[in-house]
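Participant: As they're listed, the protein sequences go chains A and B. In the numbering used here, each residue's number is its place in the first sequence (first place is 1) plus 279. In the numbering used here, each residue's number is its place in the second sequence (first place is 1) plus 351. Here it is, the structure, as structure tokens.
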Amino acid sequence: MADTAIGDMYKLLLCWRYLRTRWIALASVISVTLGVATMIVVNSVMAGFSHEMQTRIHGILSDIVFESHSLSGFQDPQWHIEEIERAAGDQIAGMTPTVAVPAMLSFQVRGQWVTRQVMFIGIDPRTHAQVSDFGQYLQHPTNREQLSFSLREGGYDTTDSQNPTETPTRPALEHAGWPHRRMRVERERLWKERLETKKSAENSATRSVDQQVQAVLAATSPEDISTEAASDATEDGESRKNPFQTARPAQGRVMDLAKEQFTGIVPGIGLASFRNRQGVDQFLTLPGDDVKITFPTAGTPPKAVSDNFTIVDFYESKMSEYDSNFVFVPIEALQRMRGMIDPQTGIPSVNSIQIRLKPDAKLNEVRDRLREVFPSDLYAIASWRDKQGPLLSAVDMEMAVLNILLFLIIAVAGFGILAIFFMIVVEKTRDIGILKALGATSSGIAGIFLGYGLFLGLLGAGAGLVLGLSITYNINQIRQAVEWCTGSRVFDPSIYYFFQIPTIIDPVTISWIILGAIIIATGSSVLPAVRAARLHAVEALRHE
Amino acid sequence: MSDLEMPPKIAPMLETRQVCKQYQSGTTTLEVLRGVDFTLEKGGFLAVVGQSGSGKSTLLHVMGLLDAPDSGEVWIDGQRIDNLPGREKDRLRNSAIGMVFQAYHLLPELTALENVLAPLLIRHGIFDWFTQRGIAQEKAKVLLDRFGLSNRLHHRPRQLSGGEMQRVAIARALITDPQVLLADEPTGNLDEESGAGIIEALAELNRDKGLSIVLVTHDADIASQARGIVRLAAGTVDIMDPGAADSAA
Chain A
280 MADTAIGDMY KLLLCWRYLR TRWIALASVI SVTLGVATMI VVNSVMAGFS HEMQTRIHGI
340 LSDIVFESHS LSGFQDPQWH IEEIERAAGD QIAGMTPTVA VPAMLSFQVR GQWVTRQVMF
400 IGIDPRTHAQ VSDFGQYLQH PTNREQLSFS LREGGYDTTD SQNPTETPTR PALEHAGWPH
460 RRMRVERERL WKERLETKKS AENSATRSVD QQVQAVLAAT SPEDISTEAA SDATEDGESR
520 KNPFQTARPA QGRVMDLAKE QFTGIVPGIG LASFRNRQGV DQFLTLPGDD VKITFPTAGT
580 PPKAVSDNFT IVDFYESKMS EYDSNFVFVP IEALQRMRGM IDPQTGIPSV NSIQIRLKPD
640 AKLNEVRDRL REVFPSDLYA IASWRDKQGP LLSAVDMEMA VLNILLFLII AVAGFGILAI
700 FFMIVVEKTR DIGILKALGA TSSGIAGIFL GYGLFLGLLG AGAGLVLGLS ITYNINQIRQ
760 AVEWCTGSRV FDPSIYYFFQ IPTIIDPVTI SWIILGAIII ATGSSVLPAV RAARLHAVEA
820 LRHE
Chain B
352 MSDLEMPPKI APMLETRQVC KQYQSGTTTL EVLRGVDFTL EKGGFLAVVG QSGSGKSTLL
412 HVMGLLDAPD SGEVWIDGQR IDNLPGREKD RLRNSAIGMV FQAYHLLPEL TALENVLAPL
472 LIRHGIFDWF TQRGIAQEKA KVLLDRFGLS NRLHHRPRQL SGGEMQRVAI ARALITDPQV
532 LLADEPTGNL DEESGAGIIE ALAELNRDKG LSIVLVTHDA DIASQARGIV RLAAGTVDIM
592 DPGAADSAA
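Shown next as structure tokens:
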């Protein structure tokens, strides 16, 4: 017992004295520090990006997507929902049917038609909120609570509701909704009038400019708005009961575009705007504008059909792949227009059923259970992770490679410690002889150098921890400082969809980094320590 | 021969029996010790003299367990020690044997006081030390005070003169209350006056405390101050004069 305890004290004393007098060893401490700090920062930022990306991917996707291979879909979603319920109902929190078809979206920008390829998705506004965070991404506060495909009487957010303080405002959205629509209709009417008056030319008396202005003001007078707002509110309530209500006026009647809308759609914000170098969104079209969408019918062969739609809101998931690709529409409208409702029975078809699981449910387990029940040649059942599998695994791979490379920095520091320690052993050979003459054991001598290595490791890792955490916590201020110094943008918000560098500090990862650094530092001192322990006392004493 | 003259019941303090030691230097083998029989009585003070290369220091290293003999035996106080396991040898070096060297061999990072405490620092574990520390420091201060170093406690070795360093080294050798003190040319690096002071201190320790001392030197004057002289020549004992019977013990 006493034997094993021999020599703790002089080891500590000597380690401490060596650390104080051998500043060269601090060079290796610095490289350990830098390695640890870099690893902490990189891991935190990568984890932040990865998490941000996953929430965005997941935000719009439900947990499990139950799809048909065919574009025409499968019949009777209610029966499928019941079957899914029976297979894995204990883990399911909500389900909603959707129809998704590729489509072409065309809208006018200053008289020019812009056409974009989109994914046209029919959703059920009543149940869709149960399966995804879709509602959170809308621009109108009331729509965020309960989505309606009716155009709103203004009130759209002029700031990014998900990040109101740090992002530039969007003044264009201030007039979006019915006011924008009325302005547009009036402008078009005046334009048409001017063309006609030009045609009927000189002899007919033209309306004075004053009269035209009066006409515009009359069209958008405050009392007019208030009455419209009131009628809009009642329409809102009806539209919830009957989503087809606003789709088309009665046959043969000419629509009053200033007061009526086509079927509402919610396109991604990336379809309607682009982000300039300053990170400000420039809108090409606004809620209240009409667009044309061309999509295939459900028959064989599919025929392309077109219809007019009115933009009622934008959604912004911050995942550009979705924001510039998806257009949402009420599912009944899309089913009807595509001919997906059986004319005899009235039973609709859908493309897919989105399934949201309970918080503690096992994603893959539910997916596998459903795959057992439903034949795979008819249905594709995938989790949101499967859907974005290549992307997620690319990020994981990137992180793994980065970690290996960065860990090599610490390994280099380890070799530094190895070299410096061999130097110290040579330099201190005589002292080692003295200690042996005074009765120090070989393991005690080895312990001095191991303890010294451990000290360096702890010191380096500790300093690295402090440095890494302070950089991580202040990374956005550091970015701003660098941008201010260099005058160039380090982190371009027109490329990334967020204005802040996201970070996540994971204690487990940090523990591993610290542990690895300490093990490397201590491990590098093993060889010099063994060499010191094996020195012959008499020869060591003769060493000059 | 010499051990036959001794009364058998009293074991000598330190004894070597037919110790041989050779060094391999390239292709040539250097026989340093060729069967040395050496005896130090309890309370004895022997000077080992001889020319350079006669094996004085090697003999001292073998006796101090710093080097192992190729053959022969080393006994201390009736116990054979040359065949003990490493840890036991370490323990004996730490407690039973005190050593003083020509080059002082103080640890440059430690103060005079810490150097004196070094053997006890090595002996005690960290928790042990907290209970022993007060006693040990007091003892070290008393020792340094005896050698006139009470105003040098917190000086580093490089701030001390040669004589002071050697006195610190002797204090370090004595802190463990060793049974035997082995001094290897302790005056070799010192001027005459400091050297005389060191030898006087050793003689006093032998006289007053009955400490058994082996003093290796090449200086006949210094050797004459010991009680007996052993002369080594060509790796064997040439002349053995155990000196006057120790009346002090």
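Every residue, glycine too, gets a C-beta built ideally from N, C-alpha and C. In this text, all values refer to a predicted model and were calculated from it rather than measured experimentally.
Is S429 of chain A closer than 8 Å to G543 of chain A when the C-beta atoms are compared?
Facilitator: In this structure, S429 of chain A lies closer than 8 Å to G543 of chain A by Cβ.
Participant: Between T587 of chain B and E555 of chain B, what straight-line distance do the alpha-carbon atoms span, to the nearest angstrom?
Facilitator: Distance between the alpha carbons of T587 of chain B and E555 of chain B: 30 Å.
Participant: Does any residue of chain B have a CB that is nearer than 8 Å to the CB of T317 of chain A?
Facilitator: Not an interface residue.
Participant: Hey, Q354 of chain A and S599 of chain A are a contact pair by Cβ (cut 8 Å); roughly how many whole angstroms apart?
Facilitator: With a Cβ gap of about 35 Å, Q354 of chain A and S599 of chain A do not count as contacting.
Participant: Going by the DSSP bridge assignment, what does C371 of chain B pair with across the sheet?
Facilitator: The partner list for C371 of chain B (beta bridge, DSSP) reads B:R385 and B:S422.
Participant: If we define contact as Cβ-Cβ less than 8 Å, is H506 of chain B a contact residue for chain A?
Facilitator: Chain A contact via Cβ: absent.
Participant: Within its chain, find whatever has a CB closer than 7 Å to the CB of M702 of chain A; leave out the 5 residues flanking it on each side and keep chain order.
Facilitator: Answer for M702 of chain A: no residue qualifies.
Participant: Just the chain B side, please: which residues come within less than 7 Å of T801 of chain A by C-beta, in chain order?
Facilitator: Per Cβ cutoff of 7 Å: no residues; T801 of chain A is ~19 Å from chain B at best.
Participant: Spell out whether any CB of chain B is found under 8 Å from the CB atom of M288 of chain A.
Facilitator: Taking Cβ atoms only, chain B reaches closer than 8 Å to M288 of chain A, which makes this a yes.
Participant: Residues of chain A with CB closer than 8 Å to the CB of G437 of chain B, please, in chain order.
Facilitator: Simply T720 and S721.
Participant: For V704 of chain A, decide whether its Cβ has a neighbour in chain B, counting only Cβ atoms nearer than 8 Å.
Facilitator: Chain B contact via Cβ: absent.
Participant: Could you please give the first and the last residue of the uninterrupted beta strand (DSSP E) stretch that includes M374 of chain A?
Facilitator: I371 to V388 is the extent of the beta strand (DSSP E) around M374 of chain A.
Participant: Give the straight-line distance between the Cα atoms of K538 of chain A and R461 of chain A, rounded to the nearest whole angstrom.
Facilitator: Distance between the alpha carbons of K538 of chain A and R461 of chain A: 8 Å.
Participant: DSSP three-state label for Q430 of chain B, please.
Facilitator: In this structure, Q430 of chain B counts as strand in the three-state DSSP scheme.
Participant: Quick one: using the 10 Å Cβ neighbour count with 16 as the cut-off for buried, is W470 of chain A buried or exposed?
Facilitator: W470 of chain A comes out exposed.
Participant: Which residue marks the beginning of the beta strand (DSSP E) containing E346 of chain A, and which one marks its end?
Facilitator: Run containing E346 of chain A: I343 to S347, per the beta strand (DSSP E) assignment.
Participant: What are the residues in the region 461-474 of chain B lying within 8 Å of chain A by C-beta distance?
Facilitator: The residues in question are L461, E465, A469, P470, L472, I473 and R474.
Participant: Is I634 of chain A closer than 8 Å to I371 of chain A when the C-beta atoms are compared?
Facilitator: Their beta carbons are under 8 Å apart, which means I371 of chain A touches I634 of chain A by this criterion.
Participant: For the beta strand (DSSP E) containing W392 of chain A, list its first residue and its last residue.
Facilitator: Q391 to I402 is the extent of the beta strand (DSSP E) around W392 of chain A.
Participant: Quick one: residues in its chain with C-beta nearer than 6 Å to the C-beta of H337 of chain A, no 5 flanking neighbours on either side, listed in chain order?
Facilitator: Cβ within range, chain order: W663.
Participant: How far does the alpha helix (DSSP H) with N466 of chain B in it extend, from its first residue to its last?
Facilitator: Its alpha helix (DSSP H) spans residues A463 to R474.
Participant: With the cut-off set at 8 Å, would you say T446 of chain A and D436 of chain A are in Cβ contact?
Facilitator: Not in contact: T446 of chain A and D436 of chain A (Cβ atoms no closer than 8 Å).
Participant: For Q759 of chain A, name the three-state secondary structure that DSSP assigns.
Facilitator: Three-state DSSP puts Q759 of chain A in a helix.
Participant: Is the shortest distance between the beta-carbon of M591 of chain B and the beta-carbons of chain A less than 8 Å?
Facilitator: False, the Cβ-Cβ gap to chain A never drops below 8 Å.
Participant: Any C-beta of chain A sitting closer than 8 Å to the C-beta of N445 of chain B?
Facilitator: True, the Cβ-Cβ gap to chain A drops below 8 Å.
Participant: Can you tell me whether E346 of chain A is buried or exposed, with buried defined as 16 or more other CB within 10 angstroms of its CB?
Facilitator: So E346 of chain A counts as buried.
Participant: For N555 of chain A, which three-state DSSP category applies?
Facilitator: The answer is coil: DSSP assigns N555 of chain A none of H, G, I, E or B.
Participant: State buried or exposed for T782 of chain A, treating a residue as buried only when at least 16 other CB atoms are found within 10 Å of its CB.
Facilitator: Its Cβ being crowded by 16 or more others within 10 Å, T782 of chain A is buried.
Participant: Here's the rule: buried if 16 or more other CB atoms are within 10 angstroms of the residue's CB, otherwise exposed. What is H459 of chain A?
Facilitator: The residue is buried, with at least 16 neighbouring Cβ atoms inside 10 Å.
Participant: When the cut-off is 8 Å and only beta carbons count, does V817 of chain A lie next to chain B?
Facilitator: Answer yes: the Cβ-Cβ gap between V817 of chain A and chain B drops below 8 Å somewhere.
Participant: In chain order, what are the residue ranges of uninterrupted beta strand (DSSP E) at least 3 long that sit wholly in the region 288-361 of chain A?
Facilitator: Qualifying beta strand (DSSP E) stretches, in chain order: 343-347.
Participant: Please compile the residues from chain B whose C-beta is within a distance smaller than 7 Å of the C-beta of T300 of chain A.
Facilitator: Going along chain B in sequence order, the residues near T300 of chain A (Cβ under 7 Å) are E460.
Participant: Quick one: is H456 of chain B buried, meaning 16 or more other Cβ sit within 10 Å of its Cβ, or exposed?
Facilitator: It counts as buried.
Participant: Looking only at its own chain, which residues have a Cβ that is under 7 Å from the Cβ of S631 of chain A, when we skip the five neighbours before and after it?
Facilitator: So the qualifying residues of the chain are V344, F345, E346, S347, T377 and A379.
Participant: One question on the structure: do E475 of chain A and G456 of chain A come within less than 8 Å of each other, judged by their Cβ atoms?
Facilitator: It is not a contact, given that the beta carbons lie outside the stated cut-off.
Participant: Take K520 of chain A and list the residues in its own chain whose beta-carbon comes closer than 6 Å to its own, dropping the five residues that flank it on each side.
Facilitator: Reliability of the predicted coordinates at K520 of chain A is poor, the pLDDT of 46 falling under 50, and the value obtained from them is presented with this limitation in mind. Cβ neighbours of K520 of chain A beyond the five flanking positions: none.
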